[in-house]
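Below is one structure, written out as structure tokens; the observations come after it.
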Amino acid sequence: MKKKKKNLQKVIPYMVLLIIAGAFLLPLLWLVFAAFNPEASQAFAVPKYMSVENFRVILTDAKNQRGFLNSLFISVVQTGIVLVCSLLAAYPLSRYELKTGQKITMGMLFLTSIPITAVMVPVYQMFIMMKLVDSIGGTIIFLSASGLPYGIWMMKNFLDGVSVDLEEAAWIDGASAVKSVVHVVLPLMLPGLFTVAMFTFVGSWGNFFVPLILLQSTEKIPAAVNIYRFFGERGQVIYGQLAAYSIVYMLPVFVLYFFSQNYMSKGFAMTGASKG
Amino acid sequence: MVGTRNQQKRKIWKTALFFSPSILLLGVFFIGPMIMTVFFSFTDISLTGSSAQAMKFVGFRNFIEIFKDPKLLTVLKNTMVFLVFSGIIGQQCLGFLLASLMRGKNRLVRKFVGFTVVAGWITPEVIAAFMFSSFFADAGTLNKIIGIFGASPVSWLFTFPMACVVIANIWKGSAYSMMMFQASLDNISDDIVEAARIDGAGGLQILLRITLPMIKSTMATTFVIVTLSTLGAFGLVFAMTGGGPAIMTTTLSIFMYQKAFIAYQIGYGMAIALFILAIGILLSLVYIRLIRANDGN
Amino acid sequence: MFKKKIAGLLAAMMCVSLIGCGGGGDKPADETKKAETEETGSTSADSDVIKMAVGADRVDFYRGLADEFEKQNPGKKVEIIEIVNGSDMYTKITMMMQSKETSPDLITEDGFMIMSDAEAGYLEPLDEFMKNWEDAGQFEQAILDGAKGADGVQYGVPFSTDTQCLWYDKKLMEEAGVSVPFQPKNWDEIIEAGKKLKEVGGDGFIPFFLYASKTSPEETSMRTFQELYSGTGGTLYDFDTKKWVVDKENLLKVYNFVNDVYNVEKIGAPLSIVSQQKVEDLFVSDYMKNGKLGMIFTGSWVPGNWGEGRTYEWPEGLDTWAVAKIPTYDGSGDGFSTMSGGWTWAIPKNANNKAGGEELLKFIAGKDCQLKYAMFSGDLAVRKDVMEDETYLSQKMSVVKEAGEMLPYAHFRPSVEGYSTLTTMFTEVVESIAMGSASPDDAAATFESEMKRIVGEENVTVK
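Residue numbers (this note's numbering), protein chains in the order written: chain A, 1 to 276; chain B, 277 to 573; chain C, 574 to 1036.
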């Protein structure tokens, strides 16, 4: 009896997980079917025959290739900047208990609730003054700045959760703060770091409005803006290609998630070994 | 931590050094535009038309206009329903449920479930909108499914528009909460949980006494971030329903977009943006208070 | 002690950066101006490069034309700036036109934005250009007027237009006992035809589709409200007194018609279809092909979707579907009425290379390019020489001839200041009737109070 109950207790969570996963997959069905359907429309339909034509069209297009490269460059650099800056800023915030600093950071965080669309008009005017319009560098810096409040805040919270014991030992040993960050805190923070990186990367990768406004040369346009090339002047949509494009577009983030998940469990093992 | 004067000085300099890149970035590229946003919200600046050429200072007119708008109450109600159901109840609870269920489970299952949930998060908004329009369409996936059980098709997007956008947003956003909770649950060592179990603590007790207190700061963060981003959420709902039918799914951020970029009244739009900001701050402070109040216990 | 110091330091640093930026808002304005003039000096010397902004889905087509231009004018270079389609297109283009550094030299401008963009000072007057251009006489006057500002100055050179028509399914009409070709003389005849269609149609069949939802905002405003209203003889905006007009008698004609379609005779579409995104896509891809739609008010471009190699290829489409002119309310006035839109070329005021822009404009708005564009897009031509061209008239999948006949009855949207807000209201009022939440009388009352609220009572005349 007891064993049966225990087995059931083990099985239920798996069932719940699989049901949720199934529910999350349902809406994706249309996307997959449409991507392989040369005659896709918005209606749900199993394609009469499978074809990779949609993928061929979008992948051989030089503009799309360029767009993906641009996106990759923008998102990777931005994620790097946000990670470094937020880690540096979050460290004293978490360790020195700077009340005012925390309040300021929180204030910044609140400011991010202003829809980014509203801020773009002033940003554009500022960029004209600073001669940064149509500059990928300028776009990256603005994206980094707008992702930073989240980054700092999340990073600080992860740091708060990391034990100070090991670190203090390092302090007493006379190691500098930088060294203690790199050798002791950083490995413990891997799950947090990857979460912040994922968050920043996804935010940047999917950002459409900022590059739309700030960039204008065709060769600088990132993938997110190119999505709108599948929409005609009167709202007609090339669904099949759009679907194929979205699948390709989602791949890099999947890859990133794949790797972060591995690191996350590694980080888990280390934290578990040190102290709770 | 009582140190000598020198040590303190060194800490100050270190802090300043650590902070400088962020302050530089935020000061110039974040606070700057924010200040201009505040400034513009007191003008009649527009993208086109005569006031694009010569904007005038109009005092509080834009703000008064918000409160005079007969749609305001409905829009506020929509915003709150959307926030509570999709953000707080949906994304947060589902995210937590997923994270705690996945703890210590088979790697393959973890990966698979993780991927399906993350798929929503990384789908571009406009595509997610098409997927859900198709999902809820008269001849769409959902009606095909309920048809198997003999139910007649329902015009979901028209009959239950708010429920549709709420579900879409849960699908889109739960991954974030899930990952945040996963990362912080990973910080709780199995030893503690095991020790508690040996002491006879049940699942619920472990949750209330050990898990929740330990991930409190993560909860505060995700609550604040989910609230702020749900308040600002716009693309998904806009592409699915355009704020309709009538104004049944018009949230504040859609309202803002309609005024600023469809009617081109930038000044008015920015006033609405600041109004959203005020609500965001208010709600965040409430969460932080609530979580602090729990500290006392 | 220590904490306080850190806090003070932080606060000080914040202040410095704040002041730095706050100043950035206003002080360096003249510096920027100086910089701009220097910049202009350098770029205008570089008069061989002409920047042209076009919609993203037209880039390849225009690249072809630009290559030709470059061949004919050695040494000149055309740089194409692509603008994504969709509602953010206007945002992007207006922001680009705001500064010399980002402004293109030639843009495609929706005729409907000309009035307010001219008022904003974004556009260069083209009166002088038109006077000196030998081709100016080739344009239909009604269409040229549609590309003028509220001040009567020409700001755009048209290159494409469209008209609203009544599309109907010939086969279903015959089945329903309506004689084909169908040409209603007043609105009642449309309703009558709809009733007959309803009898022959099965489940899920839509006898008559009329846009009535915020999910298709400009379609509802233009193809339903303004299209019908233009057929009542009423006006929305009085260009002489510069006031908006509330004309309840004529408004009620429109609102009663919408109410008849949706609530009294129930010949409209189910509201779930009406409020669907991209509903026109659903029609051209499915409903029109499969006998699920009887009649619809929409643009003349529909068969363009069915051309060979297009997404919804259906080469036999015009064997089934035909167009009729949309009659006025009771057949009085001109007898017919249509709303027209259209696209124009315009030169931004901030263009660095206006001379180059004009040179390119003459080429690209010339007969050859316009003919190529009409063939490429399936849109209606605006030049007389193109309209008479054999290749244009003998296009397979098009109704350019029939639709062109409606151009003399064309009306344009009064896109003066306030229109962009009012148009949302026009849509919302129509929607409220279709949804059954407002009677025609309620709707007319809402129209009046909303119009007064939006543009101010002093700017409204009530008839």
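C-beta atoms are modelled at their ideal positions from N, C-alpha and C, and glycine is treated no differently.
Option in the options with minimal Cα separation from residue i
{"i": "residue 231 of chain A", "options": "C:678, C:662, C:833", "result": "C:662"}
{"i": "residue 302 of chain B", "options": "A:62, A:85, A:103, A:19", "result": "A:85"}
{"i": "residue 209 of chain A", "options": "A:58, A:262, A:139, A:248", "result": "A:139"}
{"i": "residue 689 of chain C", "options": "B:324, B:339, B:371, B:360", "result": "B:324"}
{"i": "residue 203 of chain A", "options": "A:245, A:144, A:238, A:182", "result": "A:144"}
{"i": "residue 386 of chain B", "options": "B:403, B:374, B:496, B:312", "result": "B:374"}
{"i": "residue 745 of chain C", "options": "C:912, C:768, C:724", "result": "C:768"}
{"i": "residue 668 of chain C", "options": "A:121, A:103, A:92", "result": "A:121"}
{"i": "residue 486 of chain B", "options": "B:377, B:468, B:383", "result": "B:468"}
{"i": "residue 681 of chain C", "options": "C:692, C:693, C:673, C:665", "result": "C:665"}
{"i": "residue 290 of chain B", "options": "A:199, A:90, A:152", "result": "A:90"}
{"i": "residue 974 of chain C", "options": "C:987, C:991, C:992, C:955", "result": "C:955"}
{"i": "residue 433 of chain B", "options": "B:309, B:371, B:515", "result": "B:515"}
Outcome for residue i when other beta-carbon atoms lying within 10 angstroms are tallied against a minimum of 16
{"i": "residue 283 of chain B", "result": "exposed"}
{"i": "residue 671 of chain C", "result": "buried"}
{"i": "residue 984 of chain C", "result": "buried"}
{"i": "residue 82 of chain A", "result": "buried"}
{"i": "residue 351 of chain B", "result": "buried"}
{"i": "residue 49 of chain A", "result": "exposed"}
{"i": "residue 440 of chain B", "result": "buried"}
{"i": "residue 887 of chain C", "result": "buried"}
{"i": "residue 943 of chain C", "result": "buried"}
{"i": "residue 701 of chain C", "result": "exposed"}
{"i": "residue 330 of chain B", "result": "exposed"}
{"i": "residue 1022 of chain C", "result": "exposed"}
{"i": "residue 11 of chain A", "result": "exposed"}
Rounded straight-line distance, which links the Cα of residue j to that of residue i
{"i": "residue 157 of chain A", "j": "residue 142 of chain A", "result": "24 Å"}
{"i": "residue 997 of chain C", "j": "residue 756 of chain C", "result": "31 Å"}
{"i": "residue 513 of chain B", "j": "residue 258 of chain A", "result": "29 Å"}
{"i": "residue 903 of chain C", "j": "residue 365 of chain B", "result": "56 Å"}
{"i": "residue 525 of chain B", "j": "residue 910 of chain C", "result": "35 Å"}
{"i": "residue 729 of chain C", "j": "residue 720 of chain C", "result": "5 Å"}
{"i": "residue 270 of chain A", "j": "residue 466 of chain B", "result": "Note that residue 270 of chain A has pLDDT 37, beneath the 50 cutoff, so the model's placement of it is unreliable and the number below is only indicative. When rounded, the distance between both Cα atoms is 12 Å."}
{"i": "residue 511 of chain B", "j": "residue 409 of chain B", "result": "13 Å"}
{"i": "residue 632 of chain C", "j": "residue 685 of chain C", "result": "22 Å"}
{"i": "residue 979 of chain C", "j": "residue 913 of chain C", "result": "9 Å"}
{"i": "residue 753 of chain C", "j": "residue 747 of chain C", "result": "7 Å"}
{"i": "residue 1031 of chain C", "j": "residue 999 of chain C", "result": "20 Å"}
{"i": "residue 1012 of chain C", "j": "residue 1020 of chain C", "result": "12 Å"}
{"i": "residue 29 of chain A", "j": "residue 256 of chain A", "result": "23 Å"}
{"i": "residue 930 of chain C", "j": "residue 938 of chain C", "result": "12 Å"}
{"i": "residue 495 of chain B", "j": "residue 457 of chain B", "result": "8 Å"}
{"i": "residue 93 of chain A", "j": "residue 480 of chain B", "result": "34 Å"}
Cβ-Cβ distance between residue i and residue j below 9 Å
{"i": "residue 731 of chain C", "j": "residue 916 of chain C", "result": "yes"}
{"i": "residue 64 of chain A", "j": "residue 51 of chain A", "result": "no"}
{"i": "residue 133 of chain A", "j": "residue 201 of chain A", "result": "no"}
{"i": "residue 871 of chain C", "j": "residue 738 of chain C", "result": "yes"}
{"i": "residue 1002 of chain C", "j": "residue 828 of chain C", "result": "yes"}
{"i": "residue 865 of chain C", "j": "residue 920 of chain C", "result": "no"}
{"i": "residue 977 of chain C", "j": "residue 953 of chain C", "result": "yes"}
{"i": "residue 766 of chain C", "j": "residue 868 of chain C", "result": "yes"}
{"i": "residue 940 of chain C", "j": "residue 711 of chain C", "result": "yes"}
{"i": "residue 972 of chain C", "j": "residue 895 of chain C", "result": "yes"}
{"i": "residue 697 of chain C", "j": "residue 326 of chain B", "result": "no"}
{"i": "residue 460 of chain B", "j": "residue 393 of chain B", "result": "no"}
Length-filtered (3 minimum) beta strand (DSSP E) runs lying within the stretch 774-832 of chain C = 779-782, 816-819
Residue ranges of each alpha helix (DSSP H) run of no fewer than 4 residues wholly in the stretch 620-687 of chain C, ordered along the chain?
-> 632-645, 661-670
Which residue spans inside the stretch 310-355 of chain B form an unbroken alpha helix (DSSP H) run of at least 4?
-> 326-329, 337-344
In chain order, each beta strand (DSSP E) run of at least 3 residues that lies wholly inside the stretch 720-772 of chain C | 730-742
Any alpha helix (DSSP H) of 4 or more consecutive residues that is wholly inside the stretch 430-479 of chain B | 432-435, 437-461, 466-474
Unbroken alpha helix (DSSP H) runs of length 4 or more, entirely within the stretch 928-976 of chain C: which are they?
-> 940-950, 957-960, 963-966
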